[in-house]
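Worksheet for the structure shown next.
2 protein chains.
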Amino acid sequence: MHKQEVTIYDVAREAKVSMATVSRVVNGNNNVRKETRDRVMKVINRLHYQPNAVAQGLASKRTTTVGLIVPDLTNLYFAELSKGIDDIALLYKYNIIMTSIENRLMKEDQAIQSLLNKQVDGVIYMSNRLPREAADAFKRTDTPVVLAGTKDNREEFPSVTIDYKKADTEAFNLMYNDGKKNLALVIGDPKAVVNDENRIPAYKQFMKEHNLGAGHVYTGIKDHSDGYNIYSQLVKDGIDGVVVTRDITAVGILNSAMDAGKKIPEDLEIVTASATQIASVVCPALTAIRQPLYDMGAVAMRMLTKLMNSEKVDNIHMELPYELLKKQSTLNH
Amino acid sequence: MHKQEVTIYDVAREAKVSMATVSRVVNGNNNVRKETRDRVMKVINRLHYQPNAVAQGLASKRTTTVGLIVPDLTNLYFAELSKGIDDIALLYKYNIIMTSIENRLMKEDQAIQSLLNKQVDGVIYMSNRLPREAADAFKRTDTPVVLAGTKDNREEFPSVTIDYKKADTEAFNLMYNDGKKNLALVIGDPKAVVNDENRIPAYKQFMKEHNLGAGHVYTGIKDHSDGYNIYSQLVKDGIDGVVVTRDITAVGILNSAMDAGKKIPEDLEIVTASATQIASVVCPALTAIRQPLYDMGAVAMRMLTKLMNSEKVDNIHMELPYELLKKQSTLNH
DNA sequence: CAATAATTTGCAAGCGCTTACAGTTATTCT
DNA sequence: AGAATAACTGTAAGCGCTTGCAAATTATTG
């Protein structure tokens, strides 16, 4: 890569001012006489001067970039969160360095280190587990971090979520009132904080309070085919109502049931705990806990901008309202 | 943001070498005696030294970041492309600065300028139109660009695609052989290069060659509800077979037809021209042109690494093989 | 063992910008 | 008008690293 074509020096020379003044103009500093500002601006436009953000970053120690740590790009849950993040980032003129960590080529903390080396001003973290090393790295560099759609088990880091416990309980209650008593929970990673500390406890508590026995928690069910395959087990276990975390997984169960000639929702009620586009385009449409994903992303990013500016944030654990959207995979829609 | 805790100076001092030597060690330069290297490495580990990528970027004029320009994150077509890109970027140790340009808050060329200011070493461009200003900006800074899943109309920039014409023709042929003669094409932006120069001409040519009349090209149909709503028009126009660019749109048509009590594929055959997860999880599953999206992304990124290294690239317009996956939305699956 | 070549290392000049601080000019006030 | 104050501009020291070049060290050779 060759030397930059036009630098702040060139502008300074042409405008007959010092580079400090040009810098002030570029950064919108008020301490410049209007007349001077105009002259400089004219030169900037004439030469098509564009500041080198890397040099700015080095000198100012702020890069106006934020790191985005996402488990899987092709999971619409994260894509929709990201969209909210992206919009607010744009609004505040931050660029996003995206790091997907599903990849086993690089250990997660390496990925995070690489992000930190790039001197990001902050990080939005979306994975469902925050490893110790990662947390330490964040604290060591005191880079602000906000968790979006997830939590850490110590609640050390700011987060934006919904009330998972309440939402799940509501979902189970819906099915319970439809007369379904063999309720089950289908999740991915049982060690994910949201599952471990919210969904599973909510389920157990619900079962207990309604004297429904121990119940069944199916774990490690992550994608469409996992969902498709687990259905036979649900049948064996006599399940008649299920909350499924991912909607694509729920669709797997749905399709499997349909292929087996079963009736949804009569034979099995399905509620997905995180609705994306997919939940609404399948047939029958899935009853879903609609998390305000876009908003969650937006709020998380907004919170991060405050933290990066050392502004006070009154509530670092935001819970946004959700909706229980009744569709055709439950009876009383 | 406070001053960096441990810098190359600290390491140099502790290891009793010059910072030049530390730099060489960090960058894997061979011209360092093994003994010295080990000593430096030991200090690096002890102090947990991490190079500041911003300073490296400024000094070396290479940031090891690439810009990713994507129209819509929540469109799985782009998400799957991005995944391929991301994996290869990781492999070559590039970070990705993601810029979504669907947003009207910022004009596209501003977004690109902001990326260029960040001194990205290269760009992967996925939007279906490359505005003149953007192309100029790329050329002015001679930043290598690769188009993934799209083309520019002058074929100035390297690209990775499939043979859209051939694929579409094959799709129409499939339906034609099923006895469908009122074939139509449903697309989004008619000015998108792929539509304007590939899909539409392929369609027109097919209709002409088979004496099927002028046919119908429905444009501006972009999402599920557009698809849902256009269905009645298809009925009016007596369409019995249709190629739809986006699968979510195809699903809209599908759902609309089902809701109207029609039979798919008997009453209407549907082929989607770009299959994502969605095409395969709906019921009936959609016959689809399966573009190797992940691979296209990976190949595009690989090509970009070569261009960034000034290596020779023998074929800058790669066409990857596609598959016509016959499912239940056409007759002879 | 000196002479030459090859290998290691250090020096120092940047990369393009920000930002205290000091210096200059313009404005206000008595 | 002259002092005090405010507004503006320039100076120069970094930010943390890379890299060409020269110096120093080590290896090779006749």
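In the order they appear, the protein sequences are chains Z and Y.
With the working numbering applied, the first sequence corresponds to residues 1041 to 1373, in that order.
With the working numbering applied, the second sequence corresponds to residues 1041 to 1373, in that order.
The C-beta atom is built at its ideal place from N, Cα and C for all residues, glycine as well.
Exercise for review: Leaving out five residues on either side along the sequence, give the residues of the same chain with a beta carbon under 6 Å from the beta carbon of Y/Met1041.
Suggested key: By one-based count along the second sequence, residue 1041 of chain Y stands at place 1. With a pLDDT of 44 at Y/Met1041, under the threshold of 50, the modelled position of that residue is not reliable, and no figure is offered here.
Check your understanding: Are three or more beta carbon pairs between the region 1255-1275 of chain Y and the region 1287-1296 of chain Y nearer than 8 Å?
Key -> Because the criterion of three Cβ pairs below 8 Å is met, the region 1255-1275 of chain Y and the region 1287-1296 of chain Y touch.
Practice item. Answer with yes or no whether the minimum CB distance from Z/Leu1116 to chain Y is below 8 Å. Key: Stepping through the first sequence from its first residue, residue 1116 of chain Z is reached at position 76. Output row for Z/Leu1116: interface = yes.
Point to revise | Cβ neighbours of Z/Asp1126 in the same chain (closer than 7 Å, five flanking residues each side left out) | key: Along the first sequence, read from residue 1 onward, the residue named residue 1126 of chain Z stands at position 86. So the qualifying residues of the chain are Ile1136.
**Study point:** Cutoff 8 Å: Z/Gln1090 Cβ touching any chain Y Cβ
**Key:** Within the first sequence, residue 1090 of chain Z is the residue found at index 50, counting from 1. It does: the Cβ of Z/Gln1090 has a partner Cβ on chain Y nearer than 8 Å.
Practice item. Kindly indicate which three-state DSSP category Z/Lys1043 falls into: helix, strand or coil? Key: Looking up residue 1043 of chain Z in the first sequence gives position 3. Here the model assigns Z/Lys1043 a pLDDT of 48, short of 50, so the residue's position is not dependable and the matter cannot be decided.
Check your understanding: Along chain Z, which residues have their Cβ under 7 Å away from the Cβ of Y/Ala1095?
Key -> Counted from its first residue, the second sequence places residue 1095 of chain Y at position 55. Under a criterion of Cβ atoms nearer than 7 Å, the residues of chain Z adjacent to Y/Ala1095 are, in order, Leu1098.
**Study point:** Beta-carbon gap between Z/Ile1202 and Z/Leu1087 smaller than 8 Å
**Key:** Looking up residue 1202 of chain Z in the first sequence gives position 162. Looking up residue 1087 of chain Z in the first sequence gives position 47. With contacts defined as CB atoms closer than 8 Å, Z/Ile1202 and Z/Leu1087 fail to qualify as a contacting pair.
Practice item. Compute the Euclidean distance between the alpha carbons of Y/Lys1101 and Y/Ser1167, then round it to the nearest angstrom. Key: Counting from 1 along the second sequence, the entry for residue 1101 of chain Y is found at position 61. Counting from 1 along the second sequence, the entry for residue 1167 of chain Y is found at position 127. Taking the straight line joining both Cα atoms gives about 27 Å.
Exercise for review: Could you tell me the distance, in whole angstroms, from the CA atom of Z/Val1318 to the CA atom of Y/Tyr1132?
Suggested key: Along the first sequence, one-based indexing puts residue 1318 of chain Z at 278. Along the second sequence, one-based indexing puts residue 1132 of chain Y at 92. Reading the sequence as shown, one finds Ile at residue 1318 of chain Z and not Val. Going from the Cα of Z/Ile1318 to the Cα of Y/Tyr1132 covers about 33 Å.
Check your understanding: Hey, would you say Z/Gln1368 sits closer than 8 Å to Z/Ala1325, going by beta carbons?
Key -> Translated into the one-based positions of the first sequence, residue 1368 of chain Z becomes position 328. Translated into the one-based positions of the first sequence, residue 1325 of chain Z becomes position 285. Yes, these two residues count as a Cβ contact at 8 Å.
**Study point:** In chain order, each alpha helix (DSSP H) run of at least 4 residues that lies wholly inside the region 1145-1224 of chain Z
**Key:** Complete alpha helix (DSSP H) runs here, min 4: 1148-1157, 1172-1180 and 1204-1217.
Practice item. Determine the direct distance from the alpha carbon of Z/Met1341 to that of Z/Leu1347, and round the result to whole angstroms. Key: For the purposes of this step, residue 1347 of chain Z is taken as residue 307 along the first sequence, with counting starting at 1. For the purposes of this step, residue 1341 of chain Z is taken as residue 301 along the first sequence, with counting starting at 1. If you take the alpha carbons of Z/Leu1347 and Z/Met1341, they lie about 10 Å apart.
Check your understanding: Got a sec, what are the start and stop residues for the beta strand (DSSP E) Z/Val1140 sits in?
Key -> Along the first sequence, one-based indexing puts residue 1140 of chain Z at 100. Per the sequence shown, residue 1140 of chain Z should be read as Ser rather than Val. Where Z/Ser1140 is concerned, the enclosing beta strand (DSSP E) stretches over Asn1135 to Ser1140.
Exercise for review: Apply the 10 Å Cβ neighbour rule to Y/Lys1231 and answer buried if 16 or more other Cβ atoms are within range, or exposed otherwise.
Suggested key: As a position in the second sequence, residue 1231 of chain Y is number 191, starting the count at 1. So Y/Lys1231 ends up on the exposed side.
Exercise for review: Count the other CB atoms, across all protein chains shown, that sit within 10 Å of the CB of Y/Leu1145; report buried if there are 16 or more and exposed otherwise.
Suggested key: Translated into the one-based positions of the second sequence, residue 1145 of chain Y becomes position 105. Exposed, by the Cβ-count rule.
Review point. Does any residue of chain Z bring its CB to less than 8 Å from the CB of Y/Glu1120?
Key: Along the second sequence, read from residue 1 onward, the residue named residue 1120 of chain Y stands at position 80. At least one C-beta of chain Z is nearer than 8 Å to the C-beta of Y/Glu1120.
**Study point:** Whole-number beta carbon distance between Y/Ala1224 and Y/Glu1196, since they are thought to touch under 8 Å
**Key:** For this step, residue 1196 of chain Y is matched to residue 156 along the second sequence. For this step, residue 1224 of chain Y is matched to residue 184 along the second sequence. Actually they do not touch by this definition, with Cβ atoms about 32 Å apart.
Review point. Can you find a C-beta in chain Z that's less than 8 Å from the C-beta of Y/Asn1070?
Key: The residue given as residue 1070 of chain Y occupies position 30 in the second sequence. Not a single C-beta of chain Z is nearer than 8 Å to the C-beta of Y/Asn1070.
Exercise for review: Could you name the residues of chain Y that Z/Gln1153 contacts, counting a contact when the two beta carbons are closer than 8 Å?
Suggested key: As a first step, residue 1153 of chain Z is located in the first sequence; it is residue number 113 there, counting from the start. Counting only Cβ-Cβ distances below 8 Å, Z/Gln1153 has contacts in chain Y at Gln1090, in chain order.
Review point. Quick one: Cα of Z/Phe1118 to Cα of Y/Gly1255, how far?
Key: As a working mapping, residue 1118 of chain Z is identified with position 78 in the first sequence. As a working mapping, residue 1255 of chain Y is identified with position 215 in the second sequence. Cα to Cα, the separation comes out at about 40 Å.
**Study point:** Sheet register partners of Y/Leu1108 (DSSP bridge)
**Key:** Here residue 1108 of chain Y is taken as the residue at index 68 of the second sequence, counted from 1. Answer is Y/Met1138 and Y/Ile1164, bridged to Y/Leu1108.
Practice item. Kindly indicate which three-state DSSP category Z/Ser1369 falls into: helix, strand or coil? Key: By 1-based counting over the first sequence, the position of residue 1369 of chain Z is 329. It is coil, neither helix nor strand.
Check your understanding: Who are the neighbours of Z/Lys1123 on chain Y, taking C-beta pairs under 7 Å?
Key -> Working through the first sequence from its first residue, we reach residue 1123 of chain Z at position 83. Per Cβ cutoff of 7 Å: Leu1113 and Thr1114.
Exercise for review: Note down the Cα distance separating Z/Lys1043 from Y/Gly1162, rounded to an integer number of angstroms.
Suggested key: By 1-based counting over the first sequence, the position of residue 1043 of chain Z is 3. By 1-based counting over the second sequence, the position of residue 1162 of chain Y is 122. Its pLDDT being 48, under 50, Z/Lys1043 is placed unreliably in this model, and the value from its coordinates should be taken loosely. Roughly 16 Å between the two C-alpha positions.
Review point. Does DSSP put Z/Gly1278 in a helix, a strand or coil?
Key: Numbered from 1 along the first sequence, position 238 holds the residue referred to as residue 1278 of chain Z. In this structure, DSSP gives Z/Gly1278 a state outside helix and strand, which the three-state scheme calls coil.
Review point. Can you tell me whether DSSP reads Y/Val1284 as helix, strand or coil?
Key: Taking the second sequence and counting its residues from 1, one reaches residue 1284 of chain Y at position 244. Three-state DSSP puts Y/Val1284 in a strand.
Review point. DSSP puts Y/Met1358 in a beta bridge; with which residues?
Key: The residue you call residue 1358 of chain Y lines up with position 318 of the second sequence. The partner list for Y/Met1358 (beta bridge, DSSP) reads Y/Val1200.
Practice item. Check the Cβ-Cβ distances between Y/Met1146 and every residue of chain Z, and say whether any is below 8 Å. Key: As a first step, residue 1146 of chain Y is located in the second sequence; it is residue number 106 there, counting from the start. Yes, Y/Met1146 counts as interfacial toward chain Z.
Check your understanding: Does the Cβ-Cβ distance between Z/Arg1208 and Z/Val1284 come in under 8 Å?
Key -> Taking the first residue of the first sequence as 1, we reach residue 1208 of chain Z at position 168. Taking the first residue of the first sequence as 1, we reach residue 1284 of chain Z at position 244. In the sequence on display, residue 1208 of chain Z carries Asp and not Arg. No, they are not a contact pair.
Review point. For Y/Tyr1204, is the classification buried or exposed, using 16 other Cβ atoms within 10 angstroms of its Cβ as the cut-off for buried?
Key: As a working note, residue 1204 of chain Y is residue 164 in the second sequence. Buried: at least 16 other Cβ atoms inside 10 Å.
Review point. Three or more beta-carbon pairs under 8 Å between the region 1074-1083 of chain Y and the region 1052-1066 of chain Y, yes or no?
Key: Contact between the region 1074-1083 of chain Y and the region 1052-1066 of chain Y is present, because at least three Cβ pairs lie under 8 Å.
Review point. Is it buried or exposed for Y/Gly1228, if we count other Cβ within 10 angstroms and need 16 for buried?
Key: Here residue 1228 of chain Y refers to the residue found at position 188 of the second sequence. Counting Cβ neighbours within 10 Å, Y/Gly1228 comes out buried, since at least 16 surround it.
Review point. Is the shortest distance between the beta-carbon of Z/Thr1289 and the beta-carbons of chain Y less than 8 Å?
Key: Translated into the one-based positions of the first sequence, residue 1289 of chain Z becomes position 249. So no, Z/Thr1289 is outside the interface.
Review point. Counting contacts by CB-CB distance shorter than 8 Å, is Z/Met1336 in contact with chain Y?
Key: Position 296 of the first sequence holds residue 1336 of chain Z. Chain Y, which has no Cβ nearer than 8 Å to the Cβ of Z/Met1336, makes this no.
Review point. Hey, how far is the Cα of Y/Ala1297 from the Cα of Y/Ile1279?
Key: Here residue 1297 of chain Y refers to the residue found at position 257 when the second sequence is read from its first residue. Here residue 1279 of chain Y refers to the residue found at position 239 when the second sequence is read from its first residue. In a straight line, the C-alpha of Y/Ala1297 is about 12 Å away from that of Y/Ile1279.
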